[in-house]
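Undergrad: Residue numbers (our numbering): 1 to 62. Just so it is clear, CB atoms sit at the ideal spot from N, CA and C, and this is done for glycine as well. Before anything else, here's the structure in question.
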Amino acid sequence: MRTSRDRTAYNMTMTVPREDLVAGLAARRELGPDYDAAFAEVIAARIEEQLAARQAGRELPR
C-alpha cells in the first residue's frame, strides 16, 4: 500500500507539465471523440519522451 509520503515523492518527480495535459484535454474536448486515439498517442509519446530523458539523466526543456 502506498503511503502519503510515497505519493508526495512520486508527484514531485513527475516531469510532464500539468499545463500541457490541461491544454491537451481542452483540445480533445473541442475536437471530439473522433480524435481520441490521436490524443492518446500524443500524450503517451510525451510521457515516454520524459521517461527516456529521465533514464538518460537529462532534463527536457518544457
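How is R18 classed by DSSP in three states: helix, strand or coil?
TA: helix
Undergrad: So, using beta-carbon positions, are D20 and R46 closer together than 8 Å?
TA: yes
Undergrad: In the structure shown, what three-state DSSP assignment does R29 receive?
TA: The answer is helix: DSSP assigns R29 an H, G or I state.
Undergrad: Can you tell me where the alpha helix (DSSP H) holding A63 begins and where it ends?
TA: This structure does not reach residue 63, given that the chain is present from 1 up to 62, and the question cannot be answered.
Undergrad: Report the rounded CA-to-CA distance for L31 versus V22, giving the unit in angstroms.
TA: 14 Å
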